[in-house]
Amino acid sequence: MELLENVARYLKDNELKLATAESCTAGLIVSELARVPGSGQGIDCGLAVYSPQAKHRYLGVRFETIDTYGLTSEQTAREMAIGALDNNDADLAIANTGVAGPDPADGIPAGTVCFAWAFNHQEKKYLFLETRRFTGERNEVRLAAAHHALARILRHHAAVKEGKAPPL
């Protein structure tokens, strides 16, 4: 709960609004954050977008990106995050896409999750990408991925504010 409280406080203190575009966590990022009383001040919206069609319709992910790189790819996560940032009233968007398990999918091991964090800051966009592999049962992977996504907000936003991240 400490992580969730720290993130909720950080969003509030920095006047940030979060939008999520979640595939393998299916809304768990925003749901976990919402466990904290008052966290709604830092949440704009949470989208659960599993299918390629939903990723395209709600976030503008190009089918060409999915066909070329796959559903579980940093490229797909990138377009998801940018779409969530552009289509909502948010300063920060987190996107993920992955294979929670228990079985691999399309040759990608279970537990593999691709993340993207996108920020609007001083009229510029900033983007961070990461792929991680988590261990455990399906729902353990999903929870670990959700918490990882939230934990990275502070580091990435600090890099943006300090000018240590190049704009898009």
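Residues are numbered in this note's numbering as their position in the sequence shown, beginning at 1, plus a constant of 83.
A virtual CB, placed ideally from N, CA and C, is assigned to each residue, including glycine.
| Check | Outcome |
| --- | --- |
| In this structure, how does DSSP classify Lys244 when only helix, strand and coil are distinguished? | helix |
| Of the residues Tyr152, Arg216, Asp186, which one's Cα is nearest the Cα of Ala229? | Arg216 |
| Using the Cα positions of Ser156 and Gly125, report the straight-line distance between them to the nearest angstrom. | 27 Å |
| Quick one: what's got a C-beta closer than 6 Å to Glu162's C-beta in the same chain, skipping five residues either side? | Val144, Thr148 |
| List the whole-angstrom C-beta distance separating Ala193 from Asp186, where the pair is believed to meet the contact cut-off of C-beta under 8 Å. | 6 Å |
| Excluding five sequence neighbours on each side, which residues of the same chain lie with their C-beta closer than 8 Å to the C-beta of Pro250? | Lys207, Lys208, Tyr209 |
| Leu116 and Leu233 look like a contact to me (Cβ under 8 Å); what is the Cβ gap, rounded to whole Å? | 6 Å |
| Tell me, which residues are paired with Asn179 by DSSP? | Glu105, Phe198 |
| Using the C-alpha atoms, what's the distance from Asn203 back to Ala160? | 17 Å |
| Hey, does Arg161 have any beta-carbon neighbour from chain C nearer than 8 Å? | Absent from the structure: chain C. Only one protein chain is present. |
| Which same chain residues, not among the five before or five after Ala183, have their C-beta less than 6 Å away from its C-beta? | Cys107, Arg221, Val224, Arg225 |
| Taking the straight line between their C-alpha atoms, what separation do you get for Gly190 and Cys197? | 15 Å |
| Could you please give the first and the last residue of the uninterrupted alpha helix (DSSP H) stretch that includes Asp127? | Where Asp127 is concerned, there is no enclosing alpha helix (DSSP H), although the beta strand (DSSP E) it sits in stretches over 126 to 131. |
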